[in-house]
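Trainee: Here it is, the structure, as structure tokens.
In my numbering, the protein residues as written are 1 to 407.
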């Protein structure tokens, strides 16, 4: 890019293909075991307001779903959000297939979940932008979840390296799904970035909803002179629009749900060997817990816990009545990084001596709202508090810090 080494974001592609039965792939068959979710409850807690493999979910009308169709995850890397979605699906008794560019990483994901090894499978994908590369991976599945997570990297050509990969990735998933007749639903993770108009002077009590779209034009988003943040917003908007345009034009037999979350916080369940490997949102909270001065400033005051977002993905996949809907998934509680610092100082013995005790109060923008209530109602989500999200993550990070120091 022309703006001097600006750091950009791309997509970490995660597709989940799910059903209740056995997995048939490459000539071998594995019987599904029963859901064993006790190991997850320490992280997830217990929520009975969910659909399971045996409920009247969107796959129930497939006459062979209980016997032959597979579930799965197709992923370049099952990261922060994707790994939580995998665990949520497995805990519901569904099968998951993971597609990876590096089979060793996929196997590591499976090996970390021994109770679910017979319902968690991996398939190697050379090119996620090619529908033909995906068709074998989706063979025999009932549903797909395409999760996009931030990944930092440098680019030279905004359109070629950011915009088009996002669009083509979504199109390839949908084309592969359209050639797999038993697929009933595709869920795509979009972003609040596709919703918000950052230049809007919001009147009091203005609320963003799933009906809103950011006003960026394609030309503005693809311009090499644009900032990384603007390019990211454009990539999310035009990838999601491409999905809805595909549905309108092709009229496939499956339906579509898109989710538009803001900032995502909470504990991690994917492999993290070092603090340096934390995803961006977690790294910001750890910076605060480590005494960052000055503290980072939030671009928007809205957020969602990763566990609630993962549940939203799975409920969006399974609930029959939410097909062809778009949801903004967000906690009603606003956040700031100063609020995170106050939680750390209050909840951890070492907190007061470590976090920045700044007298400069960070103002939380109250000029507009984001509708997370519709998703909560339609998808059966009870949002966690920001305190729980911060405490659960920081507790993990402290343990990781101790292990790095040999403690």
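Ideal placement from N, C-alpha and C gives every residue a C-beta, glycine not left out.
(1) Count the other C-beta atoms from every protein chain shown that fall within 10 angstroms of the C-beta of residue 350, then say buried if there are 16 or more, exposed otherwise.
(2) Of the residues 375, 363, 142, which one's Cα is nearest the Cα of residue 180?
(3) List the residues that DSSP assigns as beta-bridge partners of residue 369.
(4) With DSSP as the reference, please indicate the residues paired to residue 313 in a beta bridge.
(5) Which residues in the same chain as residue 207 place their Cβ atom closer than 8 Å to its Cβ, once the five residues preceding and following it in sequence are excluded?
(6) Please confirm whether residue 268 and residue 167 have their CB atoms less than 8 Å apart.
(7) Give me the Cβ distance between residue 81 and residue 309, rounded to the nearest whole Å; I'm assuming they're in contact under 8 Å.
(8) Note down, one range per segment and in chain order, each beta strand (DSSP E) of at least 3 residues found wholly within the stretch 216–287.
(9) Tell me whether residue 392 is buried or exposed, calling it buried when 16 or more other Cβ atoms sit within 10 Å of its Cβ.
(10) What ranges does the beta strand (DSSP E) occupy inside the stretch 301–350, keeping only unbroken runs of at least 3 residues that lie completely in it?
(11) Could you tell me whether the stretch 211–228 touches the stretch 339–355, using the rule of 3 or more Cβ pairs below 8 Å?
(12) Return the CA-CA distance between residue 246 and residue 389, expressed in angstroms with no decimal places.
(13) Mapping the DSSP letters down to three states, classify residue 121 as helix, strand or coil.
(14) Quick one: any contact between the stretch 195–202 and the stretch 127–147, if contact means 3 or more CB pairs under 8 Å?
(15) For residue 362, collect the residues of the same chain with a Cβ closer than 6 Å to its Cβ; drop the 5 residues on either side in sequence, then sort them by chain order.
(16) What number of angstroms, rounded off, separates the C-alpha of residue 193 from the C-alpha of residue 113?
(17) Could you have a look at residue 95 and say whether DSSP puts it in helix, strand or coil?
(18) List the endpoints of the continuous beta strand (DSSP E) containing residue 408.
(19) Assuming the contact rule is C-beta atoms closer than 8 Å, residue 313 and residue 187 should be a hit. Round their C-beta distance to whole Å, please.
(20) So, with DSSP's three-state summary, where would you put residue 399?
(21) By DSSP's criteria, residue 100 is part of a beta bridge. Which residues make up the other side?
(22) Looking at residue 185: is its Cβ nearer than 8 Å to the Cβ of residue 128?
(23) Using the rule of at least 16 other Cβ atoms within 10 Å of the residue's Cβ for burial, across every protein chain shown, is residue 240 buried or exposed?
(24) For residue 355, which three-state DSSP category applies?
(25) Note the first and the last residue of the continuous alpha helix (DSSP H) segment covering residue 133.
(26) In its own chain, which residues sit with a C-beta less than 7 Å from the C-beta of residue 401, not counting the 5 before and 5 after it?
(27) How is residue 141 classed by DSSP in three states: helix, strand or coil?
(28) When burial is assigned at 16 or more other CB atoms within 10 Å of the CB, is residue 225 buried or exposed?
(29) May I ask you to report which of helix, strand or coil DSSP gives residue 160?
(30) Is there at least one Cβ from chain C nearer than 8 Å to residue 274's Cβ?
(31) Find the nearest neighbour of residue 92 within the set 377, 318, 332, 171, judged by alpha-carbon distance.
(32) Take the Cβ of residue 359 as the centre, count every other Cβ of all protein chains shown within 10 Å, and call the residue buried at 16 or more, exposed below.
(33) What's the C-alpha gap between residue 110 and residue 99?
(34) Which of helix, strand or coil does DSSP assign to residue 377?
(35) Spatial neighbours of residue 294 within its chain, please: CB distance less than 6 Å, with the 5 preceding and 5 following residues excluded, ordered by chain position.
Mentor: Per the coordinate set shown:
(1) exposed
(2) Nearest option by C-alpha distance: 142.
(3) Beta-bridge partners assigned by DSSP to residue 369: 207.
(4) Per DSSP, none; premise fails for residue 313.
(5) Excluding positions up to five away in sequence, the list reads 368, 369, 370, 371.
(6) With respect to the 8 Å criterion, residue 268 and residue 167 are not classified as neighbours on the basis of their beta carbons.
(7) 6 Å
(8) 255–259, 263–265
(9) buried
(10) Runs of the beta strand (DSSP E) inside the stretch 301–350: 303–305, 325–327.
(11) no
(12) 36 Å
(13) strand
(14) no
(15) 336, 338
(16) 33 Å
(17) DSSP places residue 95 in coil when its eight states are reduced to three.
(18) Beyond the ends of the chain as shown, which are 1 and 407, falls residue 408; an answer cannot be given.
(19) 6 Å
(20) helix
(21) 124
(22) no
(23) buried
(24) Reduced to three states, the DSSP call for residue 355 is coil.
(25) That run of the alpha helix (DSSP H) goes 131–138.
(26) 275
(27) Three-state DSSP puts residue 141 in a strand.
(28) Residue 225 counts as exposed, since fewer than 16 other beta carbons sit within 10 angstroms of its beta carbon.
(29) helix
(30) No chain C is part of this structure, which consists of one protein chain only.
(31) That would be 318, whose Cα lies nearest to the Cα of residue 92.
(32) Counting every other CB atom within 10 Å of its CB across the protein chains shown gives residue 359 a total below 16, marking it as exposed.
(33) 12 Å
(34) helix
(35) none
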